[in-house]
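A.B. asks: Here the protein sequences come in this chain order: S and Y. With our numbering applied, the first sequence corresponds to residues 44 to 239, in that order. With our numbering applied, the second sequence corresponds to residues 44 to 239, in that order. Glycine included, each C-beta is placed from N, C-alpha and C at the ideal position.
Number of protein chains: 2
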Amino acid sequence: MSEPAYTRLQVDERRRRLLELGADLFARHAFDELSMAAIASEAGVSKALLYHYFPSKADFFEATLRQAAEDLAVLTEVDPDLPPIEALAKSLDGFLEYVEQNELAYRKLMQSATSIGEVKSLIAEVRENTAQRLLDRLPPDPPPKVQAAVRAWLWFMDGACLDWLDRRDMQRDELRDLLMGTLMGALMAAGAEPPV
Amino acid sequence: MSEPAYTRLQVDERRRRLLELGADLFARHAFDELSMAAIASEAGVSKALLYHYFPSKADFFEATLRQAAEDLAVLTEVDPDLPPIEALAKSLDGFLEYVEQNELAYRKLMQSATSIGEVKSLIAEVRENTAQRLLDRLPPDPPPKVQAAVRAWLWFMDGACLDWLDRRDMQRDELRDLLMGTLMGALMAAGAEPPV
DNA sequence: CCGACTTGTTGACTTCCGGTCAGCTAACGT
DNA sequence: ACGTTAGCTGACCGGAAGTCAACAAGTCGG
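1) Please look up how many angstroms separate the CB atoms of L147(S) and A70(S), rounded, as I've assumed it's under 8 Å.
2) Looking at C-alpha atoms only, which residue of E76(Y), A80(Y), V88(Y) and A48(Y) is the closest neighbour of R60(Y)?
3) Residues of chain S with CB closer than 8 Å to the CB of D122(Y), please, in chain order.
4) In whole angstroms, give me the CA-to-CA distance for D220(S) and A232(Y).
5) Buried or exposed: where does T225(Y) fall if 16 or more other Cβ atoms within 10 Å of its Cβ makes it buried?
6) Should G228(S) go down as buried or exposed, given a rule of 16 or more other Cβ atoms within 10 Å for buried?
7) Buried or exposed, going by whether 16 or more other CB atoms sit within 10 Å of the CB of A174(S)?
8) Relative to the alpha-carbon of F138(S), which residue among Q190(S), A112(S) and M79(S) has its alpha-carbon at the smallest distance?
9) Do you know offhand how far W198(S)'s Cα is from E46(S)'s?
10) Using 9 Å as the limit for Cβ to Cβ distance, is A235(S) near chain Y?
11) In its own chain, which residues sit with a C-beta less than 7 Å from the C-beta of R194(S), not counting the 5 before and 5 after it?
12) So, helix, strand or coil for Y94(Y), using DSSP?
13) Kindly say whether T225(Y), judged by its beta-carbon, lies nearer than 9 Å to any beta-carbon of chain S.
14) Please list, in chain order, the chain Y residues whose beta carbon lies closer than 7 Å to that of L93(S).
15) Assuming contact is defined by CB atoms lying nearer than 9 Å, are M223(S) and K188(Y) in contact in what I supplied?
16) Could you name the residues of the same chain whose beta carbon sits closer than 7 Å to that of D55(Y), not counting the 5 residues immediately before and after it, in chain order?
17) Using a C-beta cutoff of 9 Å, does A229(S) count as contacting chain Y?
18) Please give me, in chain order, every unbroken run of the alpha helix (DSSP H) with length at least 4 that falls completely inside the stretch 62-137 of chain Y.
19) Which same chain residues end up closer than 8 Å to L165(S) when comparing Cβ atoms and leaving out the 5 residues on each side of it in sequence?
20) For the alpha helix (DSSP H) holding I166(S), just list the boundary residues, first then last.
21) Which value, in whole angstroms, describes the spacing of the CA atoms of A48(S) and A101(S)?
22) Measuring CA to CA, which of L52(S), M79(S), R57(S) and E140(S) is closest to D216(S)?
23) Assuming A81(Y) and L64(Y) make a contact with CB atoms under 8 Å, what is their CB distance in whole Å?
24) Exposed or buried, S99(S), counting other C-beta atoms within 10 Å across all chains shown (16 or more means buried)?
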């Protein structure tokens with residue numbers, strides 16, 4: 044006689060909606076600030092359903108991140124036909140574009156990142172992939188020092204981006220050049236010949 | 044007739060002991076893994092007493108970190124009489140020494156760091172101080188780009204240290220040289236003349 | 001040596017959160 | 001229509017952060 048007590052959706056559709064909402068919420072609030080009850084309520088759904096789709100809060104968070112990470116991977120894909128320097132510049136432009144467009148999400152990501160085990164390993168995974176993509180453009184079998192330089196440079200990049208978002212006292216091009224120049228400097232310091 | 048139910052201490056002494064224990068515990072377990080009840084029990088004291096000395100768990104954590112941060116500040120103090128390069132090298136040696144000696148604490152710090160608001164700002168504070176100390180050795184009124192380079196390099200440093208602890212595939216001297224070389228590279232990329 | 005006062009200390013309580021489970025019911029096939 | 005299935009829920013649990021009124025260890029004046 045009255046409205047149905049709840050609407051029933053296909054698994055895929057429900058999951059998609061929950062992830063979408065999660066990405067939005069986690070971009071605006073820190074991990075600890077959001078309770079599963081609040082998320083469920085925001086989604087117009089019971090807490091138990093959330094747990095039906097995602098085994099834990101950390102898992103849910105990770106799933107939303109994974110989505111974002113995939114978007115970002117596409118944006119920063121390197122063009123294998125371009126010479127290394129230009130390919131790097133283009134990829135960096137894509138990354139900075141994403142950072143600027145998704146400022147909130149990026150900040151929150153870097154903030155909540157490390158305390159959640161699952162998320163920590165996701166970040167590490169992304170960093171590892173990115174490092175590998177960079178190393179692929181260098182002479183094969185790089186010594187540990189060069190690998191370390193590349194991986195640490197990814198930290199430099201995140202630090203520089205956060206700083207940039209905080210202060211906004213540089214042009215995006217300047218930042219990109221700083222990032223590229225520092226990578227070259229780090230590679231030189233590590234004893235690698237530059238990939239020009 | 045029997046033993047006293049508890050021992051009464053001076054405020055300063057009790058606080059000191061709690062902080063000492065906290066530093067030890069937080070070096071071995073992540074923030075979320077430790078409950079205030081567990082800490083209190085480990086200290087042979089009631090949970091309420093812990094809250095009497097520290098307004099919240101995050102505050103307690105921050106207090107223990109602040110202690111460690113002060114130790115580290117002393118270790119990495121730069122000698123103003125030395126030429127910039129040597130002063131930096133010496134300071135870096137002090138830092139790497141600390142990292143190597145307090146590996147667990149350093150890792151946990153970098154891990155639990157960002158999710159706790161108070162801790163995040165403490166880290167930021169330390170980074171800011173360190174950046175300022177480095178900038179003081181450069182020509183005055185550096186452009187934003189140079190400041191950004193220095194601050195981002197501090198991220199590079201933390202990333203490189205964590206990586207180094209994970210892999211142990213470099214000598215400490217190599218790491219130090221990589222750090223110094225990258226700083227120089229970053230400064231050059233930012234358009235600053237090297238502080239030689 | 002004793003009683004009273006100060007204050008360091010506590011046990012019991014509240015609230016909220018992550019997580020679980022048995023059972024209900026909306027949508028779909030026949 | 002009506003049974004089936006699987007998407008969905010309310011009620012519940014253990015445990016953690018944080019609070020509070022009251023207790024008692026040490027001290028000090030008499």
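C.D. replies: On the basis of the coordinates in this document:
1) One-based indexing of the first sequence puts residue 147(S) at position 104. One-based indexing of the first sequence puts residue 70(S) at position 27. Contact holds; Cβ gap of about 5 Å.
2) Residue 60(Y) sits at position 17 when you count from the first residue of the second sequence. Nearest option by C-alpha distance: V88(Y).
3) To locate residue 122(Y), count along the second sequence from 1; it is residue 79. Per Cβ cutoff of 8 Å: no residues; D122(Y) is ~23 Å from chain S at best.
4) Residue mapping note: residue 220(S) aligns to position 177 of the first sequence, counting from 1. Residue mapping note: residue 232(Y) aligns to position 189 of the second sequence, counting from 1. Distance between the alpha carbons of D220(S) and A232(Y) is about 7 Å.
5) Stepping through the second sequence from its first residue, residue 225(Y) is reached at position 182. Buried, since its Cβ has 16 or more Cβ neighbours within 10 Å.
6) The sequence position of residue 228(S) within the first sequence is 185, counting from 1. Burial call: buried.
7) As a working note, residue 174(S) is residue 131 in the first sequence. By the 10 Å Cβ count, A174(S) comes out buried.
8) Here residue 138(S) refers to the residue found at position 95 of the first sequence. When each option's Cα is compared against that of F138(S), the closest is A112(S).
9) Along the first sequence, one-based indexing puts residue 198(S) at 155. Along the first sequence, one-based indexing puts residue 46(S) at 3. Cα-Cα distance, rounded: 53 Å.
10) As a working note, residue 235(S) is residue 192 in the first sequence. Judged by the 9 Å Cβ criterion, A235(S) is not in contact with chain Y.
11) Taking the first residue of the first sequence as position 1, residue 194(S) is located at position 151. Excluding positions up to five away in sequence, the list reads R170 and A174.
12) The count along the second sequence starts at 1 and reaches residue 94(Y) at position 51. Helix, per DSSP.
13) In the second sequence, counting from the first residue as 1, residue 225(Y) sits at position 182. True, the Cβ-Cβ gap to chain S drops below 9 Å.
14) Locating residue 93(S) in the first sequence gives position 50, where the first residue counts as 1. Under the 7 Å cutoff, chain Y gives no residues; its nearest Cβ is about 20 Å from L93(S).
15) Residue 223(S) sits at position 180 when you count from the first residue of the first sequence. Residue 188(Y) sits at position 145 when you count from the first residue of the second sequence. Not a contact, by the Cβ cut-off of 9 Å.
16) Locating residue 55(Y) in the second sequence gives position 12, where the first residue counts as 1. Nothing listed; no residue qualifies.
17) Indexing the first sequence from 1 puts residue 229(S) at position 186. By this cut-off, A229(S) is an interface position.
18) 79-85, 90-96 and 100-118
19) On the first sequence, residue 165(S) is found 122 positions in, with the first residue counted as 1. Taken in chain order, the residues that qualify are E105, L108, R109 and A112.
20) For the purposes of this step, residue 166(S) is taken as residue 123 along the first sequence, with counting starting at 1. Start and end: G160 to D179.
21) As a working note, residue 48(S) is residue 5 in the first sequence. As a working note, residue 101(S) is residue 58 in the first sequence. Cα-Cα distance, rounded: 29 Å.
22) Residue numbering aside, residue 216(S) sits at position 173 when the first sequence is read from its first letter. For D216(S), the nearest C-alpha among the options comes from E140(S).
23) For this step, residue 81(Y) is matched to residue 38 along the second sequence. For this step, residue 64(Y) is matched to residue 21 along the second sequence. At roughly 11 Å, the Cβ-Cβ gap does not stay under 8 Å, so A81(Y) and L64(Y) are not in contact.
24) For the purposes of this step, residue 99(S) is taken as the residue at position 56 of the first sequence. Exposed: under 16 other Cβ atoms inside 10 Å.
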